[in-house]
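Using the working numbering, you'd call the opening residue of the sequence shown number 62 and step up by one each time.
Using N, Cα and C, we set each Cβ at its ideal position, and we do this for glycine too.
Here the structure is a predicted model, which means the values were calculated and not measured.
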Amino acid sequence: MRIFPSRRANTLAVFLILLVCYGYFMPKWADWGANSRADLVYAVVDQGVLTIDDYHENTGDKAFFEGHYYTDKSIGPSLIAMPFYAVFKALGVLPPVQYLIENGGSLGNFSDTLNPDGQGFRPQAMYEGMALTFMTFFAVSVPSALLGVTLYLLAARFAQKDVYAFLLALIYGLATPAFAYSNVLFQHQHAAFGAFVGFYLLWRVVYEQANVRWLWVV
């Protein structure tokens, strides 16, 4: 089916609005669930192991088996985040990034956000926080924004006006729990993305005679 120019503009607008809103907020650095998944990423990319022995202290969501710590969370988000962490790790050696890692605590009001009863500013914690933010944006926020686009494209085929589908996509992306889960290294949005995008592609093949090769994606 041909996509009209106005629909292309709306598609881009939905994607950018959702992505900017998701990316504006930083993920919670002290989230046990996200840290557990991130620890597996660090262990695999940095050390080539599945144990999180060197990282487990930042989370309570872990399993202890035969002398080693493991994440007890679903590994899907970790697998998706691994290539993005590899990119961040390569960028981490650049002087501007190194400066932020080593001196981030003295920039602006960052120190005011720290727990007064905590350990204070630590470069390693800064590194992990920046890595988590980078991974979460590309591994979770981007697919979530694409999910909103897919919802718009399907709804536009049934709505009397494209603007109704446009508003529906934004309501889903910004006024439901999808907003909160689009900025955290959990599997919720990945599951929603896979299920809904798969349905959309299957619907196109059945009702719009789209190329059956799309079924390989499903």
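- The straight-line gap separating the alpha-carbon atoms of residue 68 and residue 207 is approximately 15 Å.
- Sequence-distant partners of residue 248 (beyond 5 residues in either direction) whose C-beta falls short of 7 Å from its own C-beta, in its chain, are 135, 137 and 138.
- Spatial neighbours of residue 88 in its own chain (CB-CB distance under 8 Å, excluding positions within 5 residues in sequence) are listed in chain order as 95, 193, 194, 197, 244, 245 and 246.
- In this structure, residue 205 and residue 83 form a Cβ contact; the two beta carbons are roughly 6 Å apart against a cut-off of 8 Å.
- Excluding its 5 nearest sequence neighbours in each direction, residue 188 has C-beta neighbours in its own chain below 8 Å: 153 and 162, listed in chain order.
- Inter-residue distance for residue 98 and residue 132 is about 7 Å (C-alpha atoms, whole angstroms).
- From the listed residues 184, 191 and 119, the smallest Cα separation to residue 147 is found for 191.
- DSSP, reduced to helix, strand and coil, places residue 116 outside both helices and strands of the structure shown, so it counts as coil.
- Within the same chain, and ignoring the five residues on either side of residue 213 in sequence, the residues whose Cβ sits closer than 8 Å to its Cβ are 71, 72, 75, 226, 227, 229 and 230.
- For residue 124, the uninterrupted beta strand (DSSP E) segment begins and ends at 123-126.
- Residue 129 is bridged by DSSP to 126.
- If you ignore the 5 residues before and after residue 110, its C-beta comes within less than 6 Å of the C-beta of 104, all in its own chain and listed in chain order.
- Under the three-state reduction of DSSP, residue 147 is assigned to helix.
- The residues 211, in chain order, have a CB closer than 6 Å to that of residue 258 in the same chain once the five nearest residues on each side in sequence are set aside.
- Residue environment for residue 141: buried (at least 16 other C-beta atoms within 10 angstroms of its C-beta).
- Here residue 223 carries a helix assignment [DSSP, helix/strand/coil].
- Contact check for residue 121 and residue 93: beta-carbon distance about 5 Å, within the 8 Å limit, so the pair qualifies.
- The beta carbons of residue 239 and residue 250 sit closer together than 8 Å.
- The beta carbons of residue 203 and residue 80 sit about 7 Å from each other, so the pair counts as a contact at 8 Å.
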